Each structure stands twice: as C-alpha cells, then as structure tokens.
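Student: Numbering-wise (the working numbering), the sequence shown opens with residue 405 and increments by one.
Could you have a look at this structure, given as structure tokens, before my questions?
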Amino acid sequence: MARSAQRSRGFMCAPAFTAAPSITGTAQVGQTLTGASGTVRNGTVSAHRWLRDGAAISGATAATYVVQAGDVGAKITYEVTATNALNSANTVKAVSAETATVIA
C-alpha cells in the first residue's frame with residue numbers, strides 16, 4: 405500500500421523547468437523569432453505565447469513570431485506554460501530572457 409501511495413504522489417508533482425525558454429533570431433521588423441520551450445520535468449508544454457514589454461501579443465501563440473512594426477522600441481519575451489500530464493490544474497510558467505530592443 406505504501407508503494408501505491410508513493411506512485412500517486414509522484415504523478416501529482418508539479419511540473420518544473422530545469423532549463424528556461426529561450427529565443428533565437430533578430431529583433432528587427434520582418435524577422436522571425438523562434439522560441440525554444442526549455443526543459444520541463446514532471447510535465448509537458450501546454451501553451452506558449454509571445455510578450456511585448458511583458459504584455460501578451462494578441463494572437464502570438466506559435467513557436468515562431470514575425471516581428472511587427474508595432475514592436476519597434478520594445479523588448480520581446482517568450483512565455484511557456486507546462487502542465488502535469490495527469491492534472492491540468494497543476495501548471496507552471498517560465499519566461500525567456502528579453503530580446504534586444506526591436507529595431508525597424
């Protein structure tokens with residue numbers, strides 16, 4: 405019985421990032437930024453989104469983002485949400501380092 409309880413607790417562990425998300429690409433209008441999800445323990449990536457100066461960019465929920473004119477002067481980050489595979493209420497988020505300031 406103790407062994408069964410240990411297994412149950414193991415599945416309920418919160419996911420954790422062991423490596424942060426990252427961005428590759430040039431922060432310039434028209435260029436494509438690519439987000440890497442980082443490494444997740446005890447879960448899987450369930451969502452990702454792009455942020456402009458910390459605020460979500462509408463519709464930017466893919467692993468790539470084409471830099472827009474409205475991004476000039478801002479810094480872009482990539483946010484990843486991980487979810488425990490057996491408990492969707494058990495989530496954690498991690499954010500990449502900022503890009504350089506976006507240029508035209």
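Ideal placement from N, C-alpha and C gives every residue a C-beta, glycine not left out.
The structure presented is a predicted model; accordingly, all values stated were derived computationally and were not measured.
#1: With distances taken Cα to Cα, identify the nearest neighbour of R445 among S500, T468, N494, D475.
#2: Considering just the uninterrupted stretch of the beta strand (DSSP E) at T448, what are its terminal residues?
#3: For the beta strand (DSSP E) that G439 lies in, which residues bound it at each end?
#4: Using only alpha-carbon positions, find the residue among A486, G434, T481, S441 that is nearest to A508.
#5: Given that a residue counts as buried once 16 or more other Cβ atoms are within 10 Å of its Cβ, and exposed if not, what is G458?
#6: With DSSP run on the structure shown, which of helix, strand or coil describes A493?
#7: Report, in whole angstroms, the separation of the C-beta atoms of Y482 and G439, which I expect to be a contact under 8 angstroms.
#8: Excluding five sequence neighbours on each side, which residues of the same chain lie with their C-beta closer than 6 angstroms to the C-beta of S412?
#9: In angstroms with no decimal places, state the Cα-to-Cα distance between S509 and L437.
#10: Give the DSSP-derived three-state secondary structure of T503 in the structure shown.
#11: Using DSSP with H/G/I as helix, E/B as strand and the rest coil, what is A473?
Tutor: The short version:
#1: Of the residues S500, T468, N494, D475, the one whose Cα lies closest to the Cα of R445 is N494.
#2: T448 -> beta strand (DSSP E) spans 448-456.
#3: Per DSSP, the continuous beta strand (DSSP E) segment holding G439 begins and ends at 436-440.
#4: Residue G434 holds the alpha-carbon nearest to the alpha-carbon of A508 among A486, G434, T481, S441.
#5: Flag for G458 reads exposed.
#6: In this structure, A493 counts as strand in the three-state DSSP scheme.
#7: Contact flag correct, Cβ pair sits at about 4 angstroms.
#8: Below a pLDDT of 50, predicted positions are generally treated as unreliable, and S412, at 47, falls in that range; no measurement from the model is reported.
#9: Shown here, the chain extends from 405 to 508; a query on residue 509 therefore has no answer.
#10: In this structure, T503 counts as coil in the three-state DSSP scheme.
#11: Per DSSP, reduced to three states, the secondary structure at A473 is helical.
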